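*Asks:*
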Amino acid sequence: AAENAGDRVWIIGHVGPSMTDCIMNWSALYYQAVQRYSPHVIAEQFFGHTHYDEFALSYGPGAKTAQNAISTSWIGPSATTYTNLNPGFRLYKVDTKSWNVFDSQTYVADMNLAPTWDATGASPNWHLEYSARQTYSQYVPIAADQPLSAGWWHNVTKAFETNPAAFQTYWKLRGKSSGLQPACPAGGPCPAEMICNLRAGKSSDSCTKISLGLSRRSDVDGELTPAAAVVAGANRILKRAEPVAAAQNNPWNKSLCK
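Shown next as structure tokens:
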């Protein structure tokens, strides 16, 4: 209907098709729809779920190039602090004719100041963390009259590959400047995996592989039986929950959502 009417649309959801916990068959079918209707009908896509400040790119059939990038999935940061994150939210500057995004601005509150909020009854110190256009245009220039297109974002990921400072800027902002995210050092496997995921508009393209925790074993050579494996797995889950329970008084684990 939108195509016939000459309209442009946004798609808004929770779990994005690029995420590893999105069912691959569903993601692949959705991706076909994105390829069919982008960019002439689908202007932008918006998702959440990861709690990080991210994006993911969709491409037409063929190579993953700037010329073949057809749609951006904007993955918004969470207002919750789980896990070890500052709370955040995004504002978008949008052209009301094309409905394309011209800028994305992320606001955060510094959880290091949370004890003072409790002590004084003050509100969180929401402040502008960064503008996507201002931050990344220093690596990939863009004209003032151009939106932050999928092709431009692809070139930003190319800058991440060749400029470690550019990638580390992204890595810091991805975690909403909490300073508590694990390191992703240049020269290691982490940056390549993250950049691959930015170009993975469907879950089957992700470079982060899910490893299920249960496997079948036998009694041979002292290995666990299936029943014992389940018990051992449950014990591991409980063990992992202990530090979570112990950290409930940590301000980084408080949610601002009521």
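Residue numbering for the sequence shown follows the numbering used here, starting at 372 and increasing by one per position. No residue lacks a Cβ here, since even glycine has one placed at the ideal position from N, Cα and C. Just so you know, these numbers come straight off a predicted model, no measurement behind them.
#1: Quick check on DSSP: helix, strand or coil for alanine 414?
#2: Looking only at DSSP bridge pairs, what is tyrosine 463 linked to?
#3: Return the bridge partner residues of alanine 440 from the DSSP annotation.
#4: Within this structure, are the beta carbons of serine 429 and glycine 572 separated by less than 8 Å?
#5: Of the choices Ser389, Ile394, Ser549, Gly419, whose alpha-carbon is the least far from that of valine 479?
#6: To the nearest angstrom, how far is the alpha carbon of leucine 585 from that of alanine 450?
#7: By DSSP, does cysteine 628 sit in helix, in strand, or in coil?
#8: Rounded C-beta distance between alanine 324 and tyrosine 510? I'm assuming under 8 Å.
#9: DSSP state of isoleucine 383, grouped into three classes?
#10: With burial defined as no fewer than 16 other Cβ atoms inside 10 Å of the residue's Cβ, what is the status of tryptophan 497: buried or exposed?
#11: Please look up how many angstroms separate the CB atoms of lysine 547 and asparagine 457, rounded, as I've assumed it's under 8 Å.
#12: Any contact between the stretch 532-541 and the stretch 461-478? By contact I mean 3 or more CB pairs, one from each, below 8 Å.
#13: Would you mind reading off the limits of the beta strand (DSSP E) that contains serine 520?
#14: Quick one, which of Gln406, Thr454, Asn568 has its alpha-carbon nearest proline 553's?
#15: Does DSSP classify tryptophan 330 as helix, strand or coil?
#16: With distances taken Cα to Cα, identify the nearest neighbour of alanine 521 among Leu400, Trp445, Phe460.
#17: Can you grab the Cα-Cα spacing for the pair valine 412 / alanine 434, in whole Å?
#18: Just the C-alpha distance for threonine 467 and valine 380, rounded to the nearest angstrom, thanks.
#19: Taking Cβ to Cβ, would you say histidine 525 is nearer than 8 Å to alanine 414?
#20: Going by the beta-carbon positions, is the gap between alanine 427 and leucine 569 smaller than 8 Å?
#21: In the DSSP assignment, find the alpha helix (DSSP H) that holds tyrosine 401 and state where it starts and stops.
*Replies:* So, to answer that:
#1: As a first step, residue 414 must be located in the sequence shown, where it is residue number 43. Note: alanine 414 maps to strand in three-state DSSP.
#2: Residue numbering aside, residue 463 sits at position 92 when the sequence shown is read from its first letter. The partner list for tyrosine 463 (beta bridge, DSSP) reads Ser475.
#3: The residue you call residue 440 lines up with position 69 of the sequence shown. Its beta-bridge partners are Tyr430.
#4: The residue given as residue 429 occupies position 58 in the sequence shown. The residue given as residue 572 occupies position 201 in the sequence shown. Result yes, Cβ atoms of serine 429 and glycine 572 sit closer than 8 Å.
#5: One-based indexing of the sequence shown puts residue 479 at position 108. Residue Ser549 is the option with its Cα nearest to valine 479.
#6: By one-based count along the sequence shown, residue 585 stands at place 214. By one-based count along the sequence shown, residue 450 stands at place 79. Low confidence applies here, because leucine 585 scores a pLDDT of 44, under 50, leaving its location unreliable and the question unanswered by this model.
#7: Position 257 of the sequence shown holds residue 628. Summary for cysteine 628: the model assigns pLDDT 44, below 50, so the residue's position carries little reliability; its value from the coordinates is reported in the next sentence. Cysteine 628 falls in the coil class under three-state DSSP.
#8: Missing from the structure shown is residue 324; the chain here goes from 372 to 629 and no further.
#9: If you number the sequence shown from 1, residue 383 lands on position 12. Here isoleucine 383 sits in strand by DSSP.
#10: The residue you call residue 497 lines up with position 126 of the sequence shown. Exposed: under 16 other Cβ atoms inside 10 Å.
#11: Taking the first residue of the sequence shown as position 1, residue 547 is located at position 176. Taking the first residue of the sequence shown as position 1, residue 457 is located at position 86. Yes, they are in contact, since the Cβ atoms of lysine 547 and asparagine 457 sit about 4 Å apart, within 8 Å.
#12: no
#13: Taking the sequence shown and counting its residues from 1, the one referred to as residue 520 is at position 149. Serine 520 -> no beta strand (DSSP E), and no H or E assigned at all.
#14: The residue given as residue 553 occupies position 182 in the sequence shown. For proline 553, the nearest C-alpha among the options comes from Thr454.
#15: The first residue shown for the chain is 372 and the last is 629, placing residue 330 beyond what the model contains.
#16: The residue given as residue 521 occupies position 150 in the sequence shown. Checking every option, the nearest Cα to that of alanine 521 belongs to Trp445.
#17: In the sequence shown, residue 412 corresponds to position 41, counting from 1. In the sequence shown, residue 434 corresponds to position 63, counting from 1. Going from the Cα of valine 412 to the Cα of alanine 434 covers about 22 Å.
#18: Residue 467 sits at position 96 when you count from the first residue of the sequence shown. Residue 380 sits at position 9 when you count from the first residue of the sequence shown. Spanning the two alpha carbons is a distance of roughly 11 Å.
#19: Indexing the sequence shown from 1 puts residue 525 at position 154. Indexing the sequence shown from 1 puts residue 414 at position 43. No, Cβ-Cβ distance for histidine 525 and alanine 414 is not below 8 Å.
#20: Mapped onto the sequence shown, residue 427 falls at position 56. Mapped onto the sequence shown, residue 569 falls at position 198. Yes.
#21: To locate residue 401, count along the sequence shown from 1; it is residue 30. From DSSP, the alpha helix (DSSP H) with tyrosine 401 extends over 395-408.
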